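Chains as they are written, first to last, in the UniProt record's numbering: chain A, 1 to 163; chain B, 1 to 163; chain C, 1 to 163; chain D, 1 to 163.
Protein chains: 4
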Amino acid sequence: MIIKIFTTGGTIDKIYFDAKSEFQVGEPQIAEVLTEANVTFAFEVESVLRKDSLDMTDDDRQLIRTHVEQDACERILVTHGTDTMIQTALALREIPGKTIVLTGAMQPARLRVSDAFFNIGFAIAAAQLMPPGVYIAMNGEIFDPRFARKNVAKHQFETITQS
Amino acid sequence: MIIKIFTTGGTIDKIYFDAKSEFQVGEPQIAEVLTEANVTFAFEVESVLRKDSLDMTDDDRQLIRTHVEQDACERILVTHGTDTMIQTALALREIPGKTIVLTGAMQPARLRVSDAFFNIGFAIAAAQLMPPGVYIAMNGEIFDPRFARKNVAKHQFETITQS
Amino acid sequence: MIIKIFTTGGTIDKIYFDAKSEFQVGEPQIAEVLTEANVTFAFEVESVLRKDSLDMTDDDRQLIRTHVEQDACERILVTHGTDTMIQTALALREIPGKTIVLTGAMQPARLRVSDAFFNIGFAIAAAQLMPPGVYIAMNGEIFDPRFARKNVAKHQFETITQS
Amino acid sequence: MIIKIFTTGGTIDKIYFDAKSEFQVGEPQIAEVLTEANVTFAFEVESVLRKDSLDMTDDDRQLIRTHVEQDACERILVTHGTDTMIQTALALREIPGKTIVLTGAMQPARLRVSDAFFNIGFAIAAAQLMPPGVYIAMNGEIFDPRFARKNVAKHQFETITQS
């Protein structure tokens, strides 16, 4: 079983550019994270986009979907900005036979204190263990994107309670 | 669903004691790791032992088993040193109705470069998703302790290939 | 001998605000840095401004000068963004009897890899040891602001060679 | 002006060896620290010893002295364990024309929280600015080794008050 990892940018990959005096999406961090964790499972990393998820368009989401659909792997991890992670997850529904897990971080992986390493570890296990479908793996929980939202004030995803 | 976390020591919890000029097992780090990851699932942490796993005795393993058996939670995470993690896992077999996951780290969580955060994220997902049984969650893989060993030279767990 | 530390913002104090999806100047980091270094000398910290140094005005520089002039301490450290650190240093010239050292960082102190801790250590020693005057302490060197510039491409300060 | 850096081991260079389940003195960390700080001054690093300073002998101190005496550089930094840093400093007295600064760390440089980066920055400035003599640069202060001691309980160096 190979896990295919598509990177699309987001906070997890933000690095600080002194020349511009600001943080921007940089090189994908996930290969470094997996090397640091000394993992033994088989994986491939492919960079699809390098965007803050607030800037993602419908065309971008279609591009991600095409990559997922055409890939031979059945177990897919997508690293993504948190602000529109749910929209992208919804755009990845109904791809038969594939387990698709989206994760990201509220704080860049390069910070001394970040949720990135935990989230990637959590999401990798979810990608290995969940049945086909599309999932958000954040804050130590697995969410169905149809019933999830980001609570910006709390820096957390949460389940929408139905009335 | 509450995840019960029993800490027993091991490298993951090692801190540097300047007065003794050496690293020793210190306060459990997992609560700090989970706070840093801003998790939303329910969990309880209980410190059972604070030992380098090379120093664990059969009595220690029985003590851990008693804690697991008597706890009301069905989903259990045990943080443990890697050198005898498999022996402890074997001592936790055949506890009906409980999913028990053991994890740890090859490098202390307080180091700038450590596998601890990834491993805990990975193990938490395994504890949520696996059926009843006892498992080793290390290096991004889930192992059956009956068929696993630590490859000390590679700092990795691996499956024993049967002949 | 007390060292008075005036913080004005800059990269050294930048933290990541998930809600705005960007890094901005946050709480001054220097007290945390000095605590982590377990220092024993006497110091006071006062926050004067919280600005990216590209946004600093002449009024801001006058405000910093007034704080330095009116303070009883003879040894002053100013943490400051690197882009206009030299202009502020020039605005602090000719304050008799005071040793004034400016430092900052090319990478935020909260990153896992940052020049902030080294720079603050270096600048503290310069503030203790240099005669009255105003100095830039960056990249492990002490510069006279009249003959220094920031080489943006190299992320370094350098001495202007006179022809 | 070139700064010559002699490394002798100590806590600052300790790394965690999983195979031995303990921390031991590893590769000198100072080149990595100086690279991370992006310094521009000229320096050379030479590894003389790799010892916990509790294990240093009189012969070791003589070896360090010989290296310092025979080196062409006038400005010398010695990284050293803190427990016997003062003894080594006393063994380096009366080397005419040389400024010799000893520093180290109470916590290994590879920890997420360490005094190593601050101490090296501080000691580099001291090596550049102090007149000939031998000094301890720790906890943000410069000590004369004849009147200093390590307060083990406080993890700090302090001046011996004469009665």
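The beta-carbon is built from N, C-alpha and C at its ideal position, and this holds for glycine as well.
On a predicted model such as this, the values are computed, not experimentally measured, just so you know.
Among the options, which one has its Cα closest to the Cα of residue i?
| i | options | result |
| --- | --- | --- |
| R135 of chain C | C:L54, C:L77, C:D52 and C:I2 | According to the sequence displayed, residue 135 of chain C carries Tyr and not Arg. Nearest of C:L54, C:L77, C:D52 and C:I2 to Y135 of chain C, Cα basis: C:L77. |
| G81 of chain C | C:D71, C:R146, C:A109 and C:M1 | C:A109 |
| R50 of chain A | A:G10, A:Y16, A:F17 and A:I160 | A:G10 |
| K150 of chain B | D:F6, D:A19, D:T8 and D:M1 | D:A19 |
| Q116 of chain D | C:L34, C:P132 and C:L63 | For clarity, residue 116 of chain D is Ala in the given sequence; the question names Gln instead. The residue with the shortest Cα to Cα distance from A116 of chain D is C:L34. |
| V48 of chain D | D:E22, D:I5, D:F157 and D:F17 | D:I5 |
| F143 of chain C | C:S21, C:V101, C:T7 and C:K154 | C:V101 |
| I15 of chain B | B:G133, B:Q107, B:E69 and B:Q62 | B:Q107 |
| F43 of chain C | C:D55, C:I160, C:T103 and C:I30 | C:I30 |
| I2 of chain A | A:A72, A:L111, A:N139 and A:G26 | A:A72 |
| F23 of chain B | B:L92, B:E46, B:L111 and B:Q87 | B:L111 |
| R61 of chain A | A:R93, A:F157, A:F118 and A:V152 | A:R93 |
| T84 of chain C | C:M56, C:S114 and C:Q128 | C:M56 |
| P131 of chain D | D:K98, D:E36 and D:N38 | D:K98 |
| T40 of chain A | B:Q128, B:F118, B:A125 and B:A127 | B:F118 |
| N139 of chain A | A:F147, A:P145, A:P28 and A:A105 | A:A105 |
| E36 of chain D | D:D58, D:V152, D:T8 and D:G121 | D:G121 |
| V113 of chain D | C:G26, C:L129 and C:N38 | C:N38 |
| R65 of chain D | D:T159, D:I95, D:G26 and D:A123 | D:I95 |
| T88 of chain A | A:S53, A:E27 and A:R75 | A:S53 |
| T7 of chain B | B:D58, B:D59 and B:V68 | B:V68 |
| D58 of chain D | D:E32, D:T79, D:I86 and D:R75 | D:I86 |
| A153 of chain B | D:I12, D:D13 and D:S21 | D:S21 |
Which partner residues does residue i have in the DSSP bridge list?
| i | result |
| --- | --- |
| A137 of chain D | D:I142 |
| F17 of chain A | A:E22 |
| T7 of chain B | B:S47 and B:T79 |
| R149 of chain A | A:E158 |
| A42 of chain D | D:I2 |
| V101 of chain C | C:L77 and C:Y135 |
| L129 of chain A | Note: L129 of chain A sits in no beta bridge, so no partner. |
| L111 of chain A | C:L111 |
Could one say the Cβ of residue i lies closer than 8 Å to chain C's Cβ atoms, at least one of them?
| i | result |
| --- | --- |
| E74 of chain D | no |
| G140 of chain D | yes |
| L102 of chain D | no |
| L129 of chain D | yes |
Counting only C-beta atoms, is residue i closer than 8 Å to chain D at any point?
| i | result |
| --- | --- |
| A19 of chain B | yes |
| Q107 of chain B | yes |
| I124 of chain C | yes |
| F143 of chain C | no |
Would you verify that the beta carbon of residue i is, or is not, closer than 8 Å to some beta carbon of chain A?
| i | result |
| --- | --- |
| H155 of chain B | yes |
| V113 of chain B | yes |
| G121 of chain B | yes |
| R149 of chain C | no |
| R110 of chain C | yes |
Do we get a CB-CB distance below 8 Å when we pair residue i with the residues of chain B?
| i | result |
| --- | --- |
| T11 of chain D | yes |
| G133 of chain A | no |
| F117 of chain A | yes |
| D83 of chain D | yes |
| R61 of chain D | no |
| V78 of chain D | no |
| V68 of chain D | no |
From the beta carbon of residue i, is the nearest beta carbon of chain E less than 8 Å away?
| i | result |
| --- | --- |
| L54 of chain B | In the structure shown, chain E does not exist; the protein chains are A, B, C and D. |
| message | By the 9 Å beta-carbon criterion, what residues does the region 18-51 of chain B contribute toward chain D? | response | Within the region 18-51 of chain B, the qualifying residues are D18, A19, S21, E22 and F23.
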